[in-house]
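As they're listed, the protein sequences go chains A and B. Using my numbering, read the first sequence as starting at 6 and increasing by one per residue. Using my numbering, read the second sequence as starting at 6 and increasing by one per residue. Note that CB positions come from ideal geometry on N, CA and C, so glycine has one too. A quick note: this is a predicted structure, and the numbers were derived from the prediction, not measured. Okay, structure first, notes after.
There are 2 protein chains.
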Amino acid sequence: MSHPVDPIKAACVQQAYPPVASHYKRIASGIAQAVGTGAQIVVLPELHGKPYFCQTMRTDLFEWAESVPGPTTGFLSEQAARYGIVVIGSVFESRAEGIFHNTAVVLGPDGTLLGIYRKMHIPEDPGYHEKFYFTPGDGDFEPVETPFGSLGVLVCWDQWFPEAARLMALKGARVLVYPTAIGWDPQDDNEERRRQYEAWRIIQRAHAVANGMHILCCNRTGQETATDGSGCIDFWGGSFICGPQGELLAQCDYDAGVISADLSWSRCQDVRRLWPFFRDRRIDAYADLKLRWRE
Amino acid sequence: MSHPVDPIKAACVQQAYPPVASHYKRIASGIAQAVGTGAQIVVLPELHGKPYFCQTMRTDLFEWAESVPGPTTGFLSEQAARYGIVVIGSVFESRAEGIFHNTAVVLGPDGTLLGIYRKMHIPEDPGYHEKFYFTPGDGDFEPVETPFGSLGVLVCWDQWFPEAARLMALKGARVLVYPTAIGWDPQDDNEERRRQYEAWRIIQRAHAVANGMHILCCNRTGQETATDGSGCIDFWGGSFICGPQGELLAQCDYDAGVISADLSWSRCQDVRRLWPFFRDRRIDAYADLKLRWRE
């Protein structure tokens, strides 16, 4: 089960998106920088086209949604075709009046929209009113085929659910990709910040371990005040790329920046042969994973 | 959903088991040391009654198996009753001629055998010929009720499977417990050792994060030569206790020793309310977790 292109080089473009008008320009610059590292696959943070608008519930902000394909997809398509790369972006999608999604889009080296993924697990907590804005995805956990292999694209809150990672792996994904928008509540003390940040890294690195595959996680960074001024999120950055034993290959700290790394499928093969978890899964005993709770 | 006893103090007794005759004495001493820290729950490493015999395949070693209840269970029962604690031990169980299990036993404060768990995921790789010795468990992933709460007892190789941890959590376990016997191949270089060790910690800490609960992981330590001298495992120790955000509360390095920590259920409650993963699991979309592979 080899891959025709191995290794592949992938990059994450970690950026800040305060409420200014030049996001596309900033993204184009980040993609160019990533391509400069030799990247064939470039990942952007969640909802990179706009300030993170979910801090408050405002019906007028549904105006910010767009169709897929649409303006953002078109822009990313141009970028992908310009460099002959795969770009994974994130769009506030208007699917129908009253149905909006948090949608990842995958553009191919000729600019084609290769596939989309509509976020399946939707959070709702102070500062993240995503259940207000986003209808949960009604598709499957299905990877997107690209010339560089099959990508298991998931979005942010999905990263806390081992089930999502496992399903993408079982469907043949070569890499897991997480466009992300997560940060601290500025009220949190340093100990809580550290615990949250480490928990977030640990659980994603564990998906790499459990499934013997690479992870690309690309987060926003920087402070963003709510559109009505009612609050603030300090997006923690920390984008990273890890290998099939969870080993960190590249990582950002808080500052905006581009990271890239070679993802070697032959290394994943070695690890899966050393630690053959897929061989031993007790699929006869997993039926209760479909339970909400024991009773 | 409070617990009558909160917090509880739990301990792991990390020990070496080279082929000497005094294992029971050594275990008794470790339990006494754990009780000295105030522990109400004490965990021992996997198959602590014997040298790790699975390095080679020898039919005569089935003689080492014993019934449950039997000698080791009886010994652990006395220890539990003596101190009024819960003890989690591990037995090479003879269930029937031709059916042997790798079985965890849970003894209550009055010495009662509260429950058993027969290891569900069985490894088989160089140095760990467990598929030769152990029939996979045919029970469910069912926690054991104790006066200190419900314990999700799993064994070693189970620790690599997020499904096992999730199922124990869904069945109401308060804590996950992993008696373990894992080590390095002395041929491995330092980089590979570090990656394996970190992967092993990461995936278990991630079970804590995914399920908002504490983990007790108790490993063997020290070099053990195969019973026929054909090889050697360097058990890496590293037993640890972590909290519901994966934060390390206590940990061993390589040397034998006892660690203990308070496990606060009210802290798990706080974390599960902050990060309500159980609320958002897409149980409508998890059916394919029962697949071996996509095709």
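| Query | Result |
| --- | --- |
| Outcome for Ile-246(A) when other beta-carbon atoms lying within 10 angstroms are tallied against a minimum of 16 | buried |
| Listed by chain order, chain B residues near Tyr-291(A) by CB distance under 7 Å | Glu-168, Leu-294, Lys-295 |
| Backbone CA spacing between Phe-97(B) and Gln-256(B) [nearest angstrom] | 27 Å |
| CB of Lys-176(B) within 7 Å of CB of Arg-171(A), strictly | no |
| His-219(B), enclosing beta strand (DSSP E) - first and last residue | 219-224 |
| Neighbourhood of His-8(A) by C-beta distance below 7 Å, restricted to the same chain and skipping five residues each side | Gly-154, Arg-179, Trp-270 |
| Terminal residues of the alpha helix (DSSP H) in which Val-25(B) lies | Run containing Val-25(B): none; DSSP gives neither H nor E here. |
| In DSSP terms, what Lys-14(A) is bridged to | Asp-267(A) |
| Contacting residues, own chain, Cβ-Cβ under 6 Å from Phe-240(A) (five flanking each side not counted) | Gly-188, Arg-225, Thr-226, Gly-227 |
| 7 Å Cβ cutoff met for Leu-52(A) and Ser-95(A) | yes |
| Opening and closing residue of the alpha helix (DSSP H) in which Pro-76(B) lies | 76-88 |
| Gly-243(A) versus Ile-36(B) - alpha carbon distance | 42 Å |
| Touching by the beta-carbon criterion (3+ pairs, under 8 Å), the segment 75-88 of chain A and the segment 148-164 of chain A | no |
| Of the residues Glu-197(B), Arg-199(B), Trp-205(B), Tyr-57(B), the one placed nearest Tyr-22(B), counting alpha carbons only | Tyr-57(B) |
| Short Cβ contact (7 Å threshold) for Leu-294(B) with Leu-294(A) | yes |
| Member of Pro-24(A), Val-10(A), Pro-12(A) whose CA lies at the smallest distance from the CA of Gln-234(A) | According to the sequence as given, residue 234(A) is Gly; it is not Gln. Nearest C-alpha to Gly-234(A): Pro-24(A). |
| Same chain, Cβ closer than 8 Å to Val-10(A), five either side skipped, listed in chain order | Gln-45, Pro-152, Phe-153, Gly-154 |
| Per DSSP, the bridge partner or partners of Phe-105(B) | Ser-99(B) |
| Whole-angstrom C-beta distance between Lys-124(A) and Phe-139(A), which should lie under 8 Å | 6 Å |
| Three CB pairs or more closer than 8 Å across the segment 191-210 of chain A and the segment 261-278 of chain A | no |
| Short-range partners of chain D found in the segment 145-156 of chain A, where Cβ spacing is below 8 Å | Although the question refers to chain D, the structure presented lacks it and instead comprises the protein chains A and B. |
| Within chain B, partners of His-126(A) - CB distance below 7 Å | Asp-285, Arg-287 |
| Close Cβ partners of Ile-104(B) (< 6 Å) along its chain, the five nearest in sequence each way excluded | Thr-140 |
| Neighbouring residues, chain A, relative to Arg-210(B) (Cβ below 9 Å) | Glu-203, Ala-204, Ile-207, Ile-208, Ala-211 |
| Chain-ordered residues of the segment 89-120 of chain B with a beta carbon less than 7 Å from chain A | none |
| Phe-139(B) at chain A interface by Cβ criterion, 7 Å | no |
| Pairwise C-alpha distance: Arg-286(A) and Thr-61(B) | 24 Å |
| Beta-carbon neighbours of Phe-282(A), restricted to chain B and to distances below 7 Å | Trp-165, Phe-166 |
| Three-state secondary structure (DSSP) of Leu-119(A) | strand |
| CA nearest to the CA of Trp-162(B), picked from His-126(B), Pro-281(B), Gly-248(B), Gly-113(B) | His-126(B) |
| Buried versus exposed call for Gln-192(A) [16 or more other C-beta atoms within 10 Å across all chains shown] | exposed |
| Min CB distance Arg-299(A) to chain B below 7 Å | yes |
| Short CB-CB distance (under 7 Å) between Leu-254(B) and chain A | no |
| Pro-148(B) to Leu-296(A) span [Cα, whole Å] | 16 Å |
| Whether Ala-204(A) touches Gln-250(B) by CB criterion (7 Å) | yes |
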